[in-house]
Structures are given as structure tokens and as C-alpha cells.
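Residue numbers (numbering that gives the first Met the number 0), protein chains in the order written: chain A, 0 to 404; chain B, 0 to 404. What follows is one structure encoded as C-alpha cells, with my remarks underneath.
2 protein chains.
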Amino acid sequence: MALVVQKYGGTSVGDAERIRAVAEHVARTRQAGNEVVVVVSAMGKFTDDLIRLAGEISQTPPPRELDMLLTAGERISMALVSMALAQLNVESASFTGSQAGIITDTDHTRAKILEIHPDRIRAALDAGLVPVIAGFQGVSVEQNITTLGRGGSDVTAVAIASALNADVCEIYTDVTGVFSADPRVVTKARRLAKVSFDEMMEMAATGGRVLMLRSVEFARRHGVPLHVRSSFTWEPGTWIVEEDPTMEEAVVAAITDDTSEAKITVGGVPDRPGVAAQLFRELANQGINVDMIVQNTGTNGMTDISFTVAKTDLVAARDCCIEVKDQLGAAEVTSDDGIGRVSIIGAGMKSSPGVTALMFETLSNNGINIEMISTSSIRISCVVRAERVGDAVRFLHTAFGLDAA
Amino acid sequence: MALVVQKYGGTSVGDAERIRAVAEHVARTRQAGNEVVVVVSAMGKFTDDLIRLAGEISQTPPPRELDMLLTAGERISMALVSMALAQLNVESASFTGSQAGIITDTDHTRAKILEIHPDRIRAALDAGLVPVIAGFQGVSVEQNITTLGRGGSDVTAVAIASALNADVCEIYTDVTGVFSADPRVVTKARRLAKVSFDEMMEMAATGGRVLMLRSVEFARRHGVPLHVRSSFTWEPGTWIVEEDPTMEEAVVAAITDDTSEAKITVGGVPDRPGVAAQLFRELANQGINVDMIVQNTGTNGMTDISFTVAKTDLVAARDCCIEVKDQLGAAEVTSDDGIGRVSIIGAGMKSSPGVTALMFETLSNNGINIEMISTSSIRISCVVRAERVGDAVRFLHTAFGLDAA
């Protein structure tokens, strides 16, 4: 008998019919001899509706109250899922984040889980019930209701799976798994049967849309095997697991793309210690997340520092750079929101020389200019013009032998 | 400085504009030097929407889950009211029933409040905040979310006012107060400036639609002065207070009407002890609430027992009577859903002979036949044909001198 945590996203519980389908799948999983814990998101676009309603009242709602508002969404979907289970004679009980013992810090709208006290969940399981838990929410150490930020329901599912020492955390969504590239960009993209945590983290960080970086990190840290699959087809999807050292890994597992960022260049900076530190400290103080950073070795004691930020942060980041330009002794600040990033990811890359060369050649042979490069041990990312990103992904997908037959 | 509990019903918080108006009134009340605690219902028809959604999934949803579902409504409205207050620079914090310390029994969908631990509400007041509390909900002694049944938000407001020893509990609604009769029936109905708890309870029990019996009972028991007023005009409404023994009271304060009930008659019952007890025990065991009961002195050792029930309970009550008919030795069971009740209510009635006579004469002079009569010390109710109820109310309103000039 396995203990399975099943997380259902917004489209999976989007209406009464979908909720009934979810309940039937839970019942099937139980009939197959498993214990099941369900974690749900709010129905469809309900959270967006609530945000719009809040916007009619305040452009700057107090974060505590915004959290109180948004947690209504999961409350509705979890009660309905529990009712649908009752219709199938599956005994269940719904639990809010607070009732499930999800204790967070006090950072409203993006709280972090501090600890989990799943006593009531365990008791429900022991009593033969299916616990249905509200994703995305918790209660702070000051006893206020918090939300976990974007992708928070996945985090809830992984955290509960970890706390209960579950055998697997199944993430049900509206795609059938993790693909070798975005199927909307590459028609020949293949579903991956298995991806390592490291690869999945790199994919999430570079534009993979299926899972948020945060929940993959959490799953890896706590050793929770993830299984990403579709609640529309119910077929097996993609397993995200610890790298298996005995297996030979694909050199390149997937190509990701991301056009959500913009580039800022601080030019003509004196090449002395502390300059970069000062610049990025300022940006951090403004709450701006910086992604890729590239600094070239300077000539004449001068250097250029380029970095990417989310397009939504571009204006704030640019203003911040202009403000510190004189302190840094920099010559100029330029920005460019016409960029995109293409990345190749693969755990096998570590032991395969020539991957970098093949990537650069592929882009260059197809007339795609590389504007920035950054690498990790299992990833190479290139910034190119945004309008060439699609081509870049397709050419690389073919070059690395990923196209489906 | 007074402590004012303000309860806003569904129409009062029906949309963003209404919520802003509520926040402005709260701010004005504070500026006038008062402490304010707000209790809110769900927005407009939101609770009905949730019930419909539940109905798409189950005709018999588990009560625990129905409560979990329905409590989402107040969560939304209280967060939005708190946001609207923040926009006016009034510091506030919303609290669920559970956070407000409203502890109930475990009777889901119609829980009773057992105790209130308003520590967080008091702390919020002491910190200068306006607490905004979810009406209609609490948490059971088994730590499950409960709802308080129909009129539950008023009960929450009264209970909180009592626990905080508030100076007044203001019930904001979409009418301007309590009237001498339903203004839709009697165009000359007058708003009453003051009504005693006893009168208000009789009105609530006999068709007055402004307040539910339960919240008035609760207010009387705990000595909480109520002020029923409009959130659309904000003008002073009707005070519901302890009877003041030094004052001379109106002989008749109000006329109420009710056409929501039906009559059942169990005829030809042997006139011996225990028959009525057996009948009404059976009905109680079926969960059927009986309202008026009339038994005439029998002739030939036989009697008829008539009683009224809600029309929604008519079929069940009739079946129950037919089932026990033979045990009782009764001759027949008949029912009639074409009845209505008209009642006159007034604390001054106790010391005014002739009220009963004037009521019966007024009805008889206008050709309205009385089918059942029941009285209390401050009320007389007559059952008449449903289609004559409107006339009966209008004639009585005039006869007892209640018509507005």
C-alpha cells in the first residue's frame, strides 16, 4: 500500500464536471489499494476574479487582507471535491492550510513554510478518510492567514508529501507531462518519462512552465518523488526523481525558452573590486530579482556589466541603475526589452565535451547572433533576439537529436 | 466614547461601491469618537451561488463540507471591507469566526454558539484597529468550521456585542427600520422609533421579516440594545430595547402577517390524556417544527387538533399524522395550505381590555372569517384565508390607530 499525495490545479477542478472526474480518479486510486491525500487549487480563474474585485476597492490592499481574500478560493474547491467524494461513498474531510498544520512565516502574499504539524491529516488517514487540503495557504506564527505566492499549491503538496513521508507526490495539470521543449514552439517535442531534480530545476529556472522552481527545490531537498501528469487523460506523465548514478543520462534532455525578461547594461564601469557588489546590493534592496549576470573582462580598466530582470521589473531596475551610476563611476545605462533566452539542459552534459560547441555552431549556422552566455554544470543559456528564440529552440532540438520520430 | 458593533447584511456589502459606502460610515462613526467592531455577511447572493454550485455536485452534501464551502462568502466580504477601510486610512483587521473566538457546538449548518473568547478582537481594539468579523460562522469544539444557520450573521453580531459589553449592536439592512406593518402590504405603515424585546420577539415569530427570532432572543437574554437601520440612507432606525416600566406603551405596536404556513387538522380524536403528547412527540421526532396549536373542547368524547407548520414541512407532517392516526384512534387527517396568519402585537395589551374584541370585530365587520385563534400576553393571532390576509392587516392597522398621518 502506497501513500499518494495528489495535487489538482485550477483547470483540474474548474467546474462541477471536472470535480466529479477528480473524485472518480481519487476513488480509483484508493480502490487500487493506496492511501490518498488530495491538495487542491482554487477553481479555474476564481483567484483572478477575487484579485479583480480587490482592485475595484484598492490598488494597494493590505497584504494580510489580500491573503484572507484569496484563501477563499481553495476553501470552495476543497469543500466541493470532498462533496464529490461523498457522492462516490469515499469518506473524506477538507482541511484549510491552518487545519492541516501548515505554519508559515509572516511574509504575507509570499509566505514561506516554517513547519508542518500534520496531526489532523494523519488522524484522518488513520480513520480511513481522504484528507482534502487547501493548497497555497497556511497560518503564520502570529496566527494570521497567509498565502505561499505563485505556484504555492505545488509547494503545499510537496510539503505535505514530505511531512507524511508519502511515496509520491502527483501533480495533476492540463498538460501530459514535461516535454523536451515547449510543444507550442517545437511540434516534434517529446514527453520525457523521467527527469532528474537538477534538470527540472534548471528547466523551471529558464522558462519551463510546468513546475515552479520553488516546488522542485523543495521536493529535491526533502527527497519527494514528483509525478507530473494530466487530469484530462490520466495517463502516466513525467517522473521527477533523484539522479540515478548507475544510469547513463541523456546528454541534453530539454531545450527551454523564455522571453519574459529584459536586459540592462551598465557600461564603462571602473574595473575595481566592489563595483558589482554595490550595484546588485542596490537592486536587491529595491526587491528586484536579477537573473543572468554577465561581466566581461574590461579593457583600459573599464568593463560592462549586463544582467537580465523580469520585464515587469525593467523600469524600476533601470531607475535604480541610473541612480547609482555616478557613485559607481559608470559611463552609461542602457536597456533592451527585445531579448529572449534559449537554454539546453541535461545532466549528461557534465561528462560530454562538445555540447557547448554544438550549441554555438547550431545558432551561428542559422544566423542567430548570441548576445549573452551563461552556464551551469548541466545547462547552457544564450540570450538572442526575442524574435529568433523560436527558431533557436527548433534548430537546437533537432541538432541534439530530441525530435520525436 | 461608545463601543459600537455594526453588522452589515448581504445587500449592504453587495458590490465594491456598497463596500466603500460601508467603510465611509465606519470611518464617520470612529471620527465621532466611537470604537467600532464590524460584522459582515457574504456579498449579495454569493451564498446562494455557492449552494447552487454544491447542488451541481451533490443533493446531499456532507454538512461539514457545506459549512466549509459557505464560510468562504464572509471571508471574501470581510477582507474587502478591511481593504476599503485601509483606503480611508482606518486601520483594521479581518477575523474569521474561528479567529474571533466564536466556539459552537458540532451541529453543522445550524450550530449554536457555546462560548466566545474575543481575545484577539479586544487586542485589536486596544491597538486602535477596527476588527472586521465574519458573520454566520464559528468553529466547533471539535475544531471543525460551522455555520449558525439562517440569520446567523445577526446572531454573531449580538454575541460579539454581548461578549465585548458593547453599548449598542447596529443591524444595517436594506430597510430603514421596523414598521408597524409590512410597508408592502400597508402603505400607511409607520417606522417605529422603539420596540421592546418582547414585542420584537413576537413580531419575529409571526412574520416580521427584519430580524430573526433567534438574534432577538439572544439580544434580550444578554441585554444588548439593538438598533435596526438602513445602510442606504444611514438615518436613525428602530431601537429594540428592554421594556421601560415607567413608560406608557402603545396598546398595539404592530400588525404582522405570515402566509408561509399550512394547517393540518387531526379530526375525531378520542378526548383522553396523552393523545396530543403522542402526536407532537412523533412530529418532533421527524424534526418538524409546529407553530400554532389549537385544540377545541370536544363533544361526545371526541376532539379536533389543528396546528400549523411551514409549508415546506407540510407533506412530511401530513404523512406523519396519517401514520399515527390509527394509534391515536383518530377519524381523519386533513390539511389546508390556503391559510394565512395575521397578528397584533403590543406590550400595552396586557393592561388594555377590549383589544381582543376590537380585533375580532374588525375582521368580522369586513367579512373575514377567523379559522384559528392563539394568544400570548402581548399578541393575538388569527388564522384566516390566505387571500384575505392583506385586507386583514390593512383594516387592523387602521382600527388600532397605526396609520401614518
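Positions of the beta carbon are idealized from the N, C-alpha and C atoms, including for glycine.
- Query: Looking at the structure shown, is residue 347 (chain A) part of a helix, part of a strand, or coil, going by DSSP?
  - Reply: Taking the first sequence and counting its residues from 1, the one referred to as residue 347 (chain A) is at position 348. Of the three classes helix, strand and coil, the one that applies to residue 347 (chain A) here is helix, per DSSP.
- Message: By alpha-carbon positions, which one of A:12, A:294, A:30, A:235 ends up nearest to residue 46 (chain A)?
- Response: Looking up residue 46 (chain A) in the first sequence gives position 47. Out of A:12, A:294, A:30, A:235, A:12 has the C-alpha closest to the C-alpha of residue 46 (chain A).
- Item | Burial state of residue 226 (chain B) (16 or more Cβ within 10 Å) | The residue given as residue 226 (chain B) occupies position 227 in the second sequence. Looking at its Cβ environment, which holds 16 or more other Cβ atoms inside 10 Å, residue 226 (chain B) is buried.
- Short Cβ contact (8 angstroms threshold) for residue 340 (chain A) with residue 201 (chain A): Within the first sequence, numbered from 1, the residue matching residue 340 (chain A) stands at position 341. Within the first sequence, numbered from 1, the residue matching residue 201 (chain A) stands at position 202. No, these two residues do not count as a Cβ contact at 8 angstroms.
- Query: Which bits of chain A does residue 208 (chain B) rub up against, with CB to CB less than 9 angstroms?
  - Reply: For the purposes of this step, residue 208 (chain B) is identified with residue 209 of the second sequence, where counting begins at 1. Residues of chain A passing the Cβ test: none, with the nearest at roughly 29 angstroms.
- Message: Any beta carbon of chain B sitting closer than 8 angstroms to that of residue 363 (chain A)?
- Response: Working through the first sequence from its first residue, we reach residue 363 (chain A) at position 364. Contact of residue 363 (chain A) with chain B is not assigned, every C-beta pair being separated by 8 angstroms or more.
- Message: I want to see whether chain A comes within less than 8 angstroms of residue 128 (chain B), judged by CB atoms only; does it?
- Response: As a first step, residue 128 (chain B) must be located in the second sequence, where it is residue number 129. Cβ-Cβ to chain A under 8 angstroms: no for residue 128 (chain B).
- Message: Looking only at its chain, what residues have a beta carbon closer than 8 angstroms to the beta carbon of residue 375 (chain A), apart from the 5 residues adjacent to it on each side?
- Response: Within the first sequence, the letter at position 376 stands for residue 375 (chain A). Once the five neighbours on either side are set aside, the close Cβ partners of residue 375 (chain A) are 201.
- Message: At the 8 angstroms Cβ level, is residue 83 (chain A) part of the contact set with chain B, yes or no?
- Response: Start at 1 with the first residue of the first sequence, and residue 83 (chain A) comes out as number 84. True, the Cβ-Cβ gap to chain B drops below 8 angstroms.
- Message: Across the region 53–73 of chain B and the region 69–87 of chain A, are there enough close Cβ pairs to call them in contact, namely three or more that are closer than 8 angstroms?
- Response: Because the criterion of three Cβ pairs below 8 angstroms is met, the region 53–73 of chain B and the region 69–87 of chain A touch.
- Query: Using 8 angstroms as the Cβ pair cut-off and three pairs as the minimum, do the region 119–131 of chain B and the region 28–43 of chain B touch?
  - Reply: The answer is yes - the region 28–43 of chain B touches the region 119–131 of chain B, with three or more Cβ pairs under 8 angstroms.
- Message: Pop quiz: residue 137 (chain A) and residue 170 (chain A) are said to be a contact at Cβ under 8 angstroms. What is the actual Cβ separation, rounded to whole angstroms?
- Response: Reading the first sequence from its first residue, position 138 is the one you call residue 137 (chain A). Reading the first sequence from its first residue, position 171 is the one you call residue 170 (chain A). Contact flag wrong, Cβ pair sits at about 19 angstroms.
- Item | Inside the region 111–163 of chain B only - alpha helix (DSSP H) runs reaching at least 4 residues | Listed in chain order, they are 118–125, 151–162.
- Message: Output needed in chain order: residues of the region 38–56 of chain B with a Cβ under 8 angstroms from some Cβ in chain A.
- Response: Correct list: 49, 52, 53, 55, 56.
- Any C-beta of chain A under 8 angstroms from that of residue 313 (chain B): In the second sequence, counting from the first residue as 1, residue 313 (chain B) sits at position 314. For residue 313 (chain B), not one C-beta of chain A is nearer than 8 angstroms to its own C-beta.
- Item | 3 or more residues per run - each beta strand (DSSP E) lying fully within the region 227–278 of chain A | Counting whole runs of 3 or more residues, the region 227–278 of chain A contains the beta strand (DSSP E) stretches 237–240, 253–257, 260–269.
- Does the pairing of the region 328–337 of chain B with the region 267–283 of chain B give three or more beta-carbon distances under 8 angstroms? Yes, they touch.
- Message: Taking 8 angstroms as the limit between beta carbons, can you name the residues of its chain near residue 294 (chain A), skipping five residues before and five after?
- Response: Counting from one through the first sequence, the residue named residue 294 (chain A) turns up at place 295. Around residue 294 (chain A): 275, 302, 303, 304, 305.
- Put residue 4 (chain A) into one of helix, strand or coil per three-state DSSP. Sequence index remark: in the first sequence, residue 4 (chain A) carries index 5 (1-based). If DSSP states are grouped into helix, strand and coil, residue 4 (chain A) belongs with the strands.
- Item | CB-CB length for residue 385 (chain A) against residue 334 (chain A), believed under 8 angstroms | For this step, residue 385 (chain A) is matched to residue 386 along the first sequence. For this step, residue 334 (chain A) is matched to residue 335 along the first sequence. Not quite, the Cβ-Cβ distance comes to about 14 angstroms (not below 8 angstroms), so this is no contact.
- Message: Out of B:180, B:20, B:151, B:89, which one is the CA nearest neighbour of residue 60 (chain A)?
- Response: What you label residue 60 (chain A) is simply residue 61 of the first sequence in a count that begins at 1. Comparing Cα positions, the closest option is B:89.
- Message: Taking CB distances under 8 angstroms as the criterion, tell me whether residue 376 (chain B) reaches chain A.
- Response: Locating residue 376 (chain B) in the second sequence gives position 377, counting from the first residue. Taking Cβ atoms only, chain A never reaches closer than 8 angstroms to residue 376 (chain B), which makes this a no.
- Query: Do you know offhand how far residue 80 (chain A)'s Cα is from residue 8 (chain A)'s?
  - Reply: Position 81 of the first sequence, counted from the start, is the residue given in the question as residue 80 (chain A). Position 9 of the first sequence, counted from the start, is the residue given in the question as residue 8 (chain A). Going from the Cα of residue 80 (chain A) to the Cα of residue 8 (chain A) covers about 12 angstroms.
- Three-state secondary structure (DSSP) of residue 377 (chain A): Here residue 377 (chain A) corresponds to residue number 378 of the first sequence, with the count starting at 1. Of the three classes helix, strand and coil, the one that applies to residue 377 (chain A) here is coil, per DSSP.
- What's the C-alpha gap between residue 179 (chain A) and residue 240 (chain A)? If you number the first sequence from 1, residue 179 (chain A) lands on position 180. If you number the first sequence from 1, residue 240 (chain A) lands on position 241. Straight-line measurement puts the Cα of residue 240 (chain A) at about 16 angstroms from the Cα of residue 179 (chain A).
- Query: When every heavy atom of the ligand HEM is checked, does at least one fall within less than 7 angstroms of the C-beta of residue 51 (chain A)?
  - Reply: This structure simply doesn't include the ligand HEM, nor any ligand for that matter.
- Can you grab the Cα-Cα spacing for the pair residue 355 (chain A) / residue 308 (chain A), in whole Å? As a working note, residue 355 (chain A) is residue 356 in the first sequence. As a working note, residue 308 (chain A) is residue 309 in the first sequence. Going by the C-alpha atoms only, they are around 24 angstroms apart.
- On a CA-only basis, which of B:348, B:2, B:10 is nearest residue 25 (chain B)? Give me that one, please. On the second sequence, position 26 is the one that residue 25 (chain B) refers to. Closest in alpha carbon position to residue 25 (chain B), among B:348, B:2, B:10, is B:2.
- Message: Taking 8 angstroms as the threshold (C-beta atoms), are residue 112 (chain B) and residue 158 (chain B) in contact?
- Response: The residue you call residue 158 (chain B) lines up with position 159 of the second sequence. The residue you call residue 112 (chain B) lines up with position 113 of the second sequence. Residue 158 (chain B) places its beta carbon less than 8 angstroms from that of residue 112 (chain B).
- Task: Could you spell out the range, first to last residue, of the beta strand (DSSP E) harbouring residue 301 (chain A)?
- Result: Along the first sequence, read from residue 1 onward, the residue named residue 301 (chain A) stands at position 302. Note, residue 301 (chain A): beta strand (DSSP E), 301–309.
- Message: Does the structure place the region 142–152 of chain A close enough to the region 211–220 of chain A that three or more beta carbon pairs sit under 8 angstroms?
- Response: Judged by Cβ distances under 8 angstroms, the region 211–220 of chain A makes contact with the region 142–152 of chain A, as three or more pairs qualify.
- Task: Check the Cβ of residue 93 (chain B) against every Cβ in chain A and list those closer than 7 angstroms, keeping chain order.
- Result: Counting from one through the second sequence, the residue named residue 93 (chain B) turns up at place 94. 64, 67, listed in chain order.
- Message: Per DSSP, what are the beta-bridge partners of residue 294 (chain A) in this structure?
- Response: Locating residue 294 (chain A) in the first sequence gives position 295, counting from the first residue. Looking at the DSSP assignment, residue 294 (chain A) forms a beta bridge with A:304.
- Query: Closer than 7 angstroms, Cβ to any Cβ of chain A: which residues of the region 103–132 of chain B, in chain order?
  - Reply: Listed by position along the chain: nothing, the set is empty.
- For residue 4 (chain B) and residue 156 (chain B), believed in contact at Cβ under 8 angstroms, the rounded distance: Position 157 of the second sequence, counting from 1, holds the residue named residue 156 (chain B). Position 5 of the second sequence, counting from 1, holds the residue named residue 4 (chain B). Contact holds; Cβ gap of about 6 angstroms.
- Task: For residue 70 (chain A), decide whether its Cβ has a neighbour in chain B, counting only Cβ atoms nearer than 8 angstroms.
- Result: The residue given as residue 70 (chain A) occupies position 71 in the first sequence. Taking 8 angstroms as the threshold, the shortest C-beta distance from residue 70 (chain A) to chain B falls below it.
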